[in-house]
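Peer 1:
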Amino acid sequence: MSDTAYPSVNDLTLEEKASLTSGGDAWHLQGVETKGIPGYMITDGPHGLRKSLASSTGETDLNDSVPATCFPPAAGLSSSWNPELIHKVGEAMAEECIQEKVAVILGPGVNIKRNPLGGRCFEYWSEDPYLAGHEAVGIVAGVQSKGVGTSLKHFAANNQETDRLRVSANISQRALREIYFPAFEHIVKTAQPWTIMCSYNRINGVHSAQNRWLLTDVLRDEWGYEGIVMSDWGADHDRVASLNAGLNLEMPPSYTDDQIVYAARDGRIQPEQLDRMAQGMVDLVNKTRAAMSVENYRFDVDAHDEVAHQAAVESMVLLKNDDDILPVAANAKIAVIGEFARTPRYQGGGSSHITPTKMTSFLDTLAERGADVAFAPGFTLDLEPADAKLEAEAVETAKNADVVLMFLGLPEAAESEGFDRETLDIPAKQVELLKAVAAENKNIVVVLSNGSVVSVAPWAGNAKGILESWLLGQAGGPALADVIFGKVSPSGKLAQTIPMDINDDPSMINWPGEEGHVDYGEGVFVGYRYYDTYDKAVDYPFGFGLSYATFAIDGVNVAKTGANTAHVTATVTNTSDVDAAETVQVYVAPGKAAVARPKHELKGFRKVFLKAGESAEISFDLDERAFAYWSEKFDDWHVEAGEYTVEVGTSSRDIAAVAVVTLDGDGKALPLDEWSTFGEWADDPVGSKIVASVYAEGEAGNLPQLPDNDMMRMFLKSMPINSMPMLMSEGGKAITAFMLDEYAKIAETAE
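Per the numbering used here, the sequence shown starts with residue 121, numbered consecutively.
(1) Mind reading off the beta-carbon distance from Gly468 to Gly571? Whole number of angstroms is fine, and I expect it under 8 Å.
(2) Pull up the distance between the alpha-carbon of Trp877 and that of Asp545, whole angstroms please.
(3) Going along the chain, which residues of its own chain have a beta-carbon closer than 6 Å to the beta-carbon of Gln293, five neighbours each way excluded?
(4) Buried or exposed for Glu763, please, with buried defined as at least 16 other CB atoms from any protein chain shown within 10 angstroms of its CB.
(5) Would you identify the three-state DSSP class for Gln379, choosing helix, strand or coil?
(6) Exposed or buried, Asp861, counting other C-beta atoms within 10 Å across all chains shown (16 or more means buried)?
(7) Closest to Ile457 by C-alpha separation, out of Ile564, Gly585 and Tyr815, would be which residue?
(8) Span of the beta strand (DSSP E) holding Glu763?
(9) What does the alpha-carbon distance come out to for the pair Gly682 and Val781?
(10) Flag this pair as touching only if the segment 373-380 and the segment 335-352 have three or more C-beta atom pairs under 8 Å; answer yes or no.
(11) What is the residue span of the beta strand (DSSP E) that Pro710 lies within?
(12) Quick check: Ser569 and Ala701, are their CB atoms within less than 8 Å of each other?
(13) Measure the alpha-carbon distance for Ala455 versus Ala496 and round it to whole angstroms.
(14) Measuring CB to CB, does Glu511 end up less than 8 Å from Leu554?
(15) Evaluate Tyr707 with the Cβ neighbour count: other Cβ atoms within 10 Å of its Cβ, from every protein chain shown; 16 or more gives buried, anything less gives exposed.
(16) Near Phe729, what residues of its chain come up, given a Cβ to Cβ distance below 6 Å and the 5 sequence neighbours on each side ignored?
(17) For Lys407, does the three-state DSSP call read helix, strand or coil?
(18) Judging by CA-CA distance, which residue of Leu722, Glu868, Ala802 and Lys865 is the nearest neighbour of Ser838?
(19) Can you tell me whether Gly852 is helix, strand or coil according to DSSP?
(20) Using the C-alpha atoms, what's the distance from Gln705 back to Gly675?
(21) Need the endpoints of the beta strand (DSSP E) that Val678 sits in, please.
(22) How long is the line joining the alpha carbons of Gly633 and Ser319, rounded to whole angstroms?
(23) Closest by CA to Ser185, which one among Leu501, Gly711, Val573 and Ile474?
(24) Quick check on Ala289: does DSSP put it in helix, strand or coil?
(25) Compare the Cα-Cα distances from Ala432 to each of Asp341, Glu588, Leu525 and Arg418 and report the closest residue.
(26) Alpha carbon to alpha carbon, how far is Ala779 from Ala746?
(27) Note down, in chain order, each residue of its chain lying with its Cβ closer than 6 Å to the Cβ of Pro476, except the 5 sequence neighbours on either side.
(28) Evaluate Pro827 with the Cβ neighbour count: other Cβ atoms within 10 Å of its Cβ, from every protein chain shown; 16 or more gives buried, anything less gives exposed.
(29) Tell me whether Phe482 is buried or exposed, calling it buried when 16 or more other Cβ atoms sit within 10 Å of its Cβ.
(30) Go ahead and pull the three-state DSSP assignment for Ala384.
(31) Roughly how many angstroms lie between the CA atoms of Asp804 and Phe798, to the nearest whole one?
(32) Under 8 Å by Cβ, that's how I've got Ala214 and Gly262 pegged, so tell me the actual separation to the nearest angstrom.
(33) If you measure between the beta carbons of Val287 and Gly636, is that distance less than 8 Å?
(34) Hey, out of Thr485, Ala514 and Gln550, whose CA is closest to Glu504's CA?
(35) Helix or strand or just coil, what does DSSP make of Ser128?
(36) Along the chain, which unbroken stretches of the alpha helix (DSSP H) at least 4 residues long are found entirely within the segment 478-564?
Next comes the structure, spelled out in structure tokens:
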């Protein structure tokens, strides 16, 4: 064996190759000891290392794990809109993996937040695939830059917890390509994750683990994926079918390697397919070998906590700040209400649950900083009815305060992996407490703790300020203090629309499905793509977030750089006396289109820190994909010729300036035939000339004359030309024959 690499599959027996395609136990690869191939450890999680204390025995324990830095889950980190910061988080996660001898960390998860009730929304990035892909790629690139692998998950269309092990997500090809695939696609093409985890669910009736179109045709052949695909835990229901589909690794092992051996011997698995799958496993071990060979490594606990702190600061979104109630003055008399201030909910539940290296609550932070505040818990962190005594104590505590900080949100029992939420509301007892406090003191700031959006509109009138803090990880307490008292301005932006009502969400009519099927009937109109296109009122739009500073965007210019590409420039200025960051967002709005398209779509963003009065010029390159939609007619991406509006702003509904660019289009066209409609003939460069000839020949008396009025033109537009005899009998046949003959002549000349 080489000193620098493990053997290739050419050095392995059939049985050894088969063994590589399943795990050694719940948390280890299966090595080949006789050939010196180790069985490295792989383990959760998306926002920090969750190495179970039971891992060494191969068992699963979701509660007890080695201490690791708990970074903000994606629900918070996504609101940072800061890929560079996210990359630093990834680097830190990798260093902790190196210390614990973990070769692959299972994350990030980039499934789209199709519906805010999704129980695992805390673990996913956004309702928008562009944002999800361009943020989560930082985790992948950061981790792998240190020699540790990632597992991009859950591929694909795992957008709910209800019936997740078997439900068939029935989705159009266009919606898959435009909404549910792009985050995966971008990360594959940009960072090549060393592993991808397939999802439990079926897609259009086929389990992901056995879906060759998904794992081979799209992932490998179209996108050029070079790594391995592993199953989610227990998602492989047929070893042979899955391996043939492109699944390299079954996890955890079902101890059925003999099935692979038998199938290889009787021809159900071709030798080259087994070799490809097994070689992928050898390659993975080789990629991680250097990092796993480092001895006595110890990560810097304090440095990683500081990264978690900065991530928490940038994760918060200021939703409301009437009368500039924030930041709170240092000498203000403060009442803190809500158990979350003392017992923070800093992460989601389920397989990503981490034991933090440190944990300082908001109350503890204030005590450490010498602040004198009054506190009352007000409620318990469960779904039990209100406690009248706790409520009365909280109201009394708040009466004479200059500012009341109320910590409200969702207890862990309300959202977790394994089940979906039933309501968008926070517990009723918390809302009633808020109203009771507001009756005595109007100077209230609500600080929210939740893993997905919650209804704000029903109670927002009782608060002057609302700070959405999501789940902030282990450094949430100090980060909250920094923002609330003005050490730093909030800079987060919503990665998910906050609707007025859950029933406004376009997916609700099919949520969460029935009888083992869920139909994605909203198509590409997910999140703001629906709300903005159909002008639906929302509580807070996608991309929204206030600051203690004010900003202006001007000087927007769009220059065409190719047939279907453009370059955008703009100037952003901090017009206040507060140093702060602003996120400039670029949306592309198509003009007239052959298919129903969203009003606009995010195609670029940049977070810029500016000192008071400072300006910066920023630029964006829009490639052809930024203007394209997936055409089921062409089975490909398609850019139509015409005008596109480029919008630059600070949310999907706060557009500061627009510019128009005219593109050539990609020139794609399908051959016309008798089943093509009059409208399709008229829109085609060649067909339009033939349609003009039909009218001209009719006027000359050489062909029957087509009816020429507005109603008939509309009627003809959607009629295949082979239906003309239905309208004009023999005359219709003559017109159809003429059109097909003329088209054939032109085609022959072109050849």
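Glycine included, every Cβ here is placed at the ideal spot set by N, Cα and C. Since the model is a prediction, treat every value here as computed from it, not as a measurement.
Peer 2: So, from the data block:
(1) 5 Å
(2) Past the boundaries of the shown model lies residue 877; the chain is included only from 121 to 871, so the question cannot be answered.
(3) Glu752
(4) exposed
(5) helix
(6) exposed
(7) Ile564
(8) Gly762 to Ser771
(9) 11 Å
(10) no
(11) Ala700 to Pro710
(12) no
(13) 8 Å
(14) no
(15) buried
(16) Ala701
(17) helix
(18) Ala802
(19) helix
(20) 14 Å
(21) Phe671 to Gly682
(22) 17 Å
(23) Ile474
(24) strand
(25) Glu588
(26) 15 Å
(27) Cys190 and Gln594
(28) exposed
(29) buried
(30) helix
(31) 10 Å
(32) 7 Å
(33) yes
(34) Gln550
(35) coil
(36) 482-488, 508-518 and 548-558
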